[in-house]
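FYI, my numbering numbers position 134 of the sequence shown as 210, with every residue one higher than the one before it. Beta carbons: idealized from backbone N, C-alpha and C, even for Gly.
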Amino acid sequence: MSIQLDGAPVISTERLRLRPPRPEDAPRIAALANDEGVAKMTTRMPFPYGEEDARSFLARCQDHDPRREQVFAIEQDGSGLIGMLGFHPDEEGRTEVGYWLGRPYWGQGYATEAADRALAWVSESWGRRYLMAGHFADNSASGKVLCKTGFLYTGEVQPRHSLARGEPCPTRMMVWLA
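Encoded structure:
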């Protein structure tokens with residue numbers, strides 16, 4: 077189910093709620109993201125990751141154009157915020173999905189559940205029919221999530237810079253068609 081909260085979408089799943097991020101999320105985001113295992117699987121997240129990094133990220137979320145970009149905090153009942161999921165335009169203007177979960181929430185199906193319902197929202201409410209995604213070649217878990225939600229490999233491997241690693245990493249590119 078998807079509802080609007082102050083004009084922004086809120087998406088519910090069986091175990092999760094995807095909602096707009098808020099400034100008060102900064103401490104929780106910093107606590108979960110200040111993990112090298114989490115940060116090194118993303119392109120934009122530095123390591124170490126502190127509250128100032130989280131506040132800067134949240135300020136950027138407030139400035140995005142909701143017709144081109146959407147960001148969701150992923151909440152789990154009883155735990156609060158457990159990660160983030162976003163749809164961002166890439167260098168060529170195509171929409172790309174990205175997500176991360178705090179380490180305590182890995183391997184429990186939360187990423188698949190969140191991504192699957194967010195993709196339904198993308199198609200039904202946001203009107204997108206084509207998305208890109210990529211995962212670092214050494215992050216097969218993310219590849220499995222993307223495959224389970226309907227992404228297909230393009231056969232292209234791109235070098236994508238990881239801020240936490242400080243170097244480009246081979247990234248397996250994928251596409252989703254609604």
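Ranking Gly210, Gln146 and Met160 by CA distance to the CA of Gln152 puts Met160 first.
The bridge partners DSSP lists for Ser88 are Arg93. In the structure shown, Ala149 falls within a strand segment according to DSSP collapsed to helix, strand and coil. Annotation for Leu253: Arg205 and Tyr206 place their beta carbon closer than 7 Å to its own, counting only its chain and skipping 5 residues before and after. Counting the other Cβ atoms within 10 Å of the Cβ of Pro97 gives 16 or more, which makes it buried. Annotation for Ala135: no beta strand (DSSP E) segment contains it, though the alpha helix (DSSP H) segment containing it runs Glu127 to Asp139. In the structure shown, the three-state DSSP call for Glu243 is strand.
At a Cβ-Cβ threshold of 9 Å, Tyr175 and Val221 count as neighbours.
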